[in-house]
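I have placed the structure first, in the form of structure tokens, so that the comments after it can refer back to it.
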Amino acid sequence: MHLFIQKKWPILIGLAPALIVYILFAIVPIVISFYYSSMEWDGFTEMKFIGIGNFLEIFSDKIFWQSLKNNLYVVAASIFGQVPIALFFALLLYRKLRGGKFFRTVGFMPVVISTVIISLIWGMMYNSRRGLFNQLLTATGLDEWTQNWLGDPKWAMISVCITIVWQFVGLYLIIFLAALQNIPREIFDAAEIDGASGFKQTIYITLPMIWETIIVAVILCISGSLRTFDLIYVMTSGGPGHATEVMAMYMFDQTFSSTRYGYGSAISLCIFFFSLALIYVSNLILRRKTV
Amino acid sequence: MPEQVYHNILVQNKTAKVKKNAKKTLIYLLLSIYAVVNIYPIIWMVLNSFKSNIDFAKNPFSFPKEWLVQNYQTAWETARLDVYFLNSLIVSTIAVIFTVFFGALASYFLARISFKWGKYIYSFFIFGMLIPIHATLVPLFLQMKYLGLLNTHVGLVLPYIAFNLPITVFILTSFMKSFPTDIEESAIMDGCGVFRIFWSIILPMTRPALATVIILNFINNWNEFSFALVLINEESLKTLPLGLANFAGQFTTNYGAQMAGLTLAIIPTIIIYMILEEYLVKGMTAGAVKG
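Taken in sequence, the protein lines are chains A and B.
Add 12 to the 1-based position in the first sequence for our numbering, that's all there is to it.
Add 812 to the 1-based position in the second sequence for our numbering, that's all there is to it.
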């Protein structure tokens, strides 16, 4: 299958450009954040080494824990919102259906649009006076249900999560569709002869057959949710108060608004390890179920 | 008697047919709701982008009383969209060229040539897909400051290349691995060097995967926000998402123009999506779907 070549230098030349850029601008930043995370530094005055001081501070920082909680909230909303909704519509769509292509195209569209633009559109839809939702509620006579969707701490996180779910359902829809279409038809034919109903087929055949894909989707949900930043930055900037603060947002604030580079780096590392750990653990839990 | 049986079968068939039709109607109904939920925010925005403030406040759901094209002119002039468009185009295009070229070259050696460290280098690249980019924002900012690359397009292009290389290498390597070995054998017999084989045999054969990777990279860069936010400060260098993020503030009183600006910003993405949907979908789901 593979080719052997005697000389080693062509390999080096071939890999070098990609490796150099990748190491310098993706790996080195992670490595140097270890260094900065042990410093107290405002960017102008002398750096001061404080060891694990920043991490100790993070540990007792209420706003950090609040942001972590909100991150987990987004993770939960994604896993229990995006995955079931996407799976449901994928199950409706995967058999030959006239117009199926149209629904797929429309379904995937939000995924390709810039998060900034989506946040701005949804920000206007949530607007308390002229937003779509309140207009809709007023028009249908449900005035008392109108809310200050993004301004009320009680509703802000829910509103943000709804937008996140809306934006990415299409991605999982397409992923599930691809998996469903790979299941051999004969399995269903056999089940039908045995008298299994459509519902039973779904539970006992379809879902187990695409379990691997569901795991992948959940892991994508987790890593995607932990990256939530653009949307929060544009829609609420973490407010009101710190109601929608997420880790990346808090890190950004601490670093660039409060110019605490050391502390910001420490939070960066927490994000890094936290997301690796979460992916690892979820992988472990979900895989065990298959056995 | 036989007639009775025949009649019964007919009735049974009929009820089965009615049931099937009802089921189909229900499926279409559900899918249509999904489609409307997906697409209505955009339609709402486009329709209201043609309205005056008064028209918008009075009739939020109907077609504009008078189609105000002037909103678009206002948006274009106030928001410097031309500058942002151009910057996004420059940054995205340059980053795509380098990512795909470096990525293809590296993938070729990783997929087609056996050498000791190949597997590890491949895994090292793939690991990049797990790095949460926000964990690198602070160190990358400091790194760029140190290199004097803050507020330059180069400073933005470099991390774009670095963070798009993992998925690029992933897609291209798996594609190149599928070619049979004898392709290169005759070329080697003829005395072709490895780079010659890459350029005139492997690269042309990889065209479908290259298309996927190019589109995917382009959209990723076109929509990217976090790096731009941290690394670019100067108005004349801002990319589209960055320019738009502060956009709402400029139009507090003119909703029509705000929506007109967003409509303009969204058009290129929608056009690209409509034309190249297949490649884009393939690229964006490549991490989860094999093949």
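Quick reminder that beta carbons are idealized off the backbone N, C-alpha and C, glycines included.
Practice item. State yes or no: is the beta carbon of M13 (chain A) nearer than 8 angstroms to at least one beta carbon in chain B? Key: Residue mapping note: residue 13 (chain A) aligns to position 1 of the first sequence, counting from 1. Reliability of the predicted coordinates at M13 (chain A) is poor, the pLDDT of 41 falling under 50, and the value obtained from them is presented with this limitation in mind. Cβ-Cβ to chain B under 8 angstroms: yes for M13 (chain A).
Measuring only the C-alpha atoms, how far is Y958 (chain B) from P951 (chain B)? As a working mapping, residue 958 (chain B) is identified with position 146 in the second sequence. As a working mapping, residue 951 (chain B) is identified with position 139 in the second sequence. Answer to the nearest angstrom: the Cα atoms are 10 angstroms apart.
query: Less than 8 angstroms separating the beta-carbons of Y932 (chain B) and L922 (chain B)?
result: The residue given as residue 932 (chain B) occupies position 120 in the second sequence. The residue given as residue 922 (chain B) occupies position 110 in the second sequence. Against a cut-off of 8 angstroms, the Cβ pair of L922 (chain B) and Y932 (chain B) comes out as no contact.
- Query: What are the complete alpha helix (DSSP H) segments, minimum 4 residues, inside the region 119 to 198 of chain A?
  - Reply: 127 to 138, 144 to 151 and 165 to 193
Identity of the residue in B:F1030, B:W856, B:M1017 and B:M1001 nearest F875 (chain B) by Cα
If you number the second sequence from 1, residue 875 (chain B) lands on position 63. The shortest Cα separation from F875 (chain B) among B:F1030, B:W856, B:M1017 and B:M1001 belongs to B:W856.
| In angstroms, rounded to a whole number, what distance separates the CA positions of N1166 (chain B) and A834 (chain B)? | With chain B running from 813 to 1103 in the structure shown, residue 1166 (chain B) is simply not present.
Does the Cβ-Cβ distance between T319 (chain A) and V172 (chain A) come in under 8 angstroms? An answer regarding residue 319 (chain A) cannot be provided, because it is not within the stretch 13 to 303 covered by chain A.
Problem set entry | Under the three-state DSSP convention, the category E52 (chain A) falls into | For the purposes of this step, residue 52 (chain A) is taken as residue 40 along the first sequence, with counting starting at 1. DSSP places E52 (chain A) in strand when its eight states are reduced to three.
query: In chain B, which residues lie with their C-beta within 8 angstroms of the C-beta of M137 (chain A)?
result: Within the first sequence, numbered from 1, the residue matching residue 137 (chain A) stands at position 125. What M137 (chain A) touches in chain B: P853 and W856.
Would you say the region 93 to 107 of chain A touches the region 176 to 189 of chain A, given that touching needs at least three Cβ pairs under 8 angstroms? yes
Which term fits H819 (chain B), buried or exposed, when burial requires 16 or more other beta carbons within 10 angstroms of its beta carbon? The residue labelled residue 819 (chain B) in the question sits at position 7 within the second sequence. That one is exposed.
Just grab the DSSP bridge partners of K60 (chain A) for me.
As a working note, residue 60 (chain A) is residue 48 in the first sequence. K60 (chain A) pairs with A:E52.
Report task. Out of A:I133, A:F241, A:W223 and A:V87, state which residue places its alpha-carbon closest to the alpha-carbon of V850 (chain B). Result -> Indexing the second sequence from 1 puts residue 850 (chain B) at position 38. The question names Val, yet the displayed sequence has Asn at residue 850 (chain B). For the residues A:I133, A:F241, A:W223 and A:V87, the minimum Cα distance to N850 (chain B) belongs to A:I133.
Below 8 angstroms, how does it come out for the region 136 to 151 of chain A and the region 48 to 57 of chain A: are there three or more Cβ pairs, yes or no?
no
- Item | Limits of the unbroken alpha helix (DSSP H) element including T1081 (chain B) | In the second sequence, the residue the question calls residue 1081 (chain B) occupies position 269. Run containing T1081 (chain B): Y1067 to M1096, per the alpha helix (DSSP H) assignment.
What's the gap between the Cα of F284 (chain A) and the Cα of R239 (chain A)?
Locating residue 284 (chain A) in the first sequence gives position 272, counting from the first residue. Locating residue 239 (chain A) in the first sequence gives position 227, counting from the first residue. Near 10 angstroms, if we compare the C-alpha coordinates of R239 (chain A) and F284 (chain A).
Notebook entry, point to check: Does DSSP classify R299 (chain A) as helix, strand or coil?
Noted result: Position 287 of the first sequence, counted from the start, is the residue given in the question as residue 299 (chain A). In this structure, R299 (chain A) counts as helix in the three-state DSSP scheme.
Residue-level contact to chain A via CB, N850 (chain B), 8 angstroms cutoff
As a first step, residue 850 (chain B) must be located in the second sequence, where it is residue number 38. Taking Cβ atoms only, chain A reaches closer than 8 angstroms to N850 (chain B), which makes this a yes.
*State the DSSP-derived secondary structure class of Y106 (chain A), mapped to helix, strand or coil.*
By 1-based counting over the first sequence, the position of residue 106 (chain A) is 94. Here Y106 (chain A) sits in coil by DSSP.
| field | C-alpha distance - Y275 (chain A) paired with A38 (chain A), whole-angstrom precision | value | Within the first sequence, numbered from 1, the residue matching residue 275 (chain A) stands at position 263. Within the first sequence, numbered from 1, the residue matching residue 38 (chain A) stands at position 26. Rounded to the nearest angstrom, the two C-alpha atoms are 20 angstroms apart.
(message) Any contact between the region 977 to 994 of chain B and the region 1013 to 1026 of chain B? By contact I mean 3 or more CB pairs, one from each, below 8 angstroms.
(response) yes
Any C-beta of chain B under 8 angstroms from that of V303 (chain A) = Here the question's residue 303 (chain A) lines up with position 291 in the first sequence. In this prediction, V303 (chain A) has a pLDDT of 39, which is less than 50 and means its spatial position is unreliable; what the coordinates show is noted afterwards. Not an interface residue.
Would you give the residue range spanned by the alpha helix (DSSP H) that H254 (chain A) belongs to? Here residue 254 (chain A) is taken as the residue at index 242 of the first sequence, counted from 1. Per DSSP, H254 (chain A) belongs to no alpha helix (DSSP H) and is neither H nor E.
Distance check for S861 (chain B) and C1004 (chain B), CA to CA, integer angstroms please. Counting from 1 along the second sequence, the entry for residue 1004 (chain B) is found at position 192. Counting from 1 along the second sequence, the entry for residue 861 (chain B) is found at position 49. Cα to Cα, the separation comes out at about 59 angstroms.
Using a Cβ-Cβ cutoff of 9 angstroms, what residues of the region 988 to 1010 of chain B are near chain A? List them in chain order.
K989, P992, T993, E996, E997, I1000, G1005, V1006, F1007, I1009 and F1010
I283 (chain A) beta carbon near the ligand PLP (any heavy atom closer than 7 angstroms): Looking for the ligand PLP in the displayed structure turns up nothing, as the structure carries no ligands at all.
(request) Mind listing, in chain order, the continuous beta strand (DSSP E) runs of no fewer than 3 residues lying wholly within the region 879 to 921 of chain B? (result) none
Requested in this report: Quick one: measure Cβ to Cβ for R924 (chain B) and E996 (chain B), integer angstroms, because I've assumed they're closer than 8 angstroms.
Outcome: By one-based count along the second sequence, residue 924 (chain B) stands at place 112. By one-based count along the second sequence, residue 996 (chain B) stands at place 184. Right, the Cβ-Cβ distance comes to about 7 angstroms (below 8 angstroms), so this counts as a contact.
- request: May I ask you to report which of helix, strand or coil DSSP gives Y208 (chain A)?
  value: Here residue 208 (chain A) corresponds to residue number 196 of the first sequence, with the count starting at 1. A quick correction: the sequence has Ala, not Tyr, at residue 208 (chain A). A208 (chain A) falls in the coil class under three-state DSSP.
| request: Can you say whether R116 (chain A) is buried or exposed, counting buried as having 16 or more other CB atoms within 10 angstroms of its CB? | output: Locating residue 116 (chain A) in the first sequence gives position 104, counting from the first residue. Classification for R116 (chain A): buried.
Fill in: Under 9 angstroms from the C-beta of S1038 (chain B): neighbouring residues of chain A
Position 226 of the second sequence, counted from the start, is the residue given in the question as residue 1038 (chain B). Here the neighbours are R239, F241, D242, Y245, A260 and F264.
* To do: Take every Cβ of the region 260 to 268 of chain A, pair it with every Cβ of the region 29 to 36 of chain A, and state whether three or more of those distances are shorter than 8 angstroms.
  => no
_Quick check on DSSP: helix, strand or coil for K957 (chain B)?_
Locating residue 957 (chain B) in the second sequence gives position 145, counting from the first residue. Three-state DSSP puts K957 (chain B) in a helix.
Quick check on the DSSP output: the alpha helix (DSSP H) that includes H965 (chain B) runs from which residue to which? Numbered from its first residue, the second sequence carries residue 965 (chain B) at position 153. From DSSP, the alpha helix (DSSP H) with H965 (chain B) extends over H965 to M988.
Item to complete: Establish whether the CB of V124 (chain A) and some CB of chain B are separated by less than 8 angstroms.
Response: As a first step, residue 124 (chain A) is located in the first sequence; it is residue number 112 there, counting from the start. At least one chain B Cβ lies under 8 angstroms of V124 (chain A).
Worksheet entry | Among A:L24, A:I244 and A:F268, the one whose alpha carbon lies nearest that of I176 (chain A) | On the first sequence, residue 176 (chain A) is found 164 positions in, with the first residue counted as 1. Checking every option, the nearest Cα to that of I176 (chain A) belongs to A:I244.
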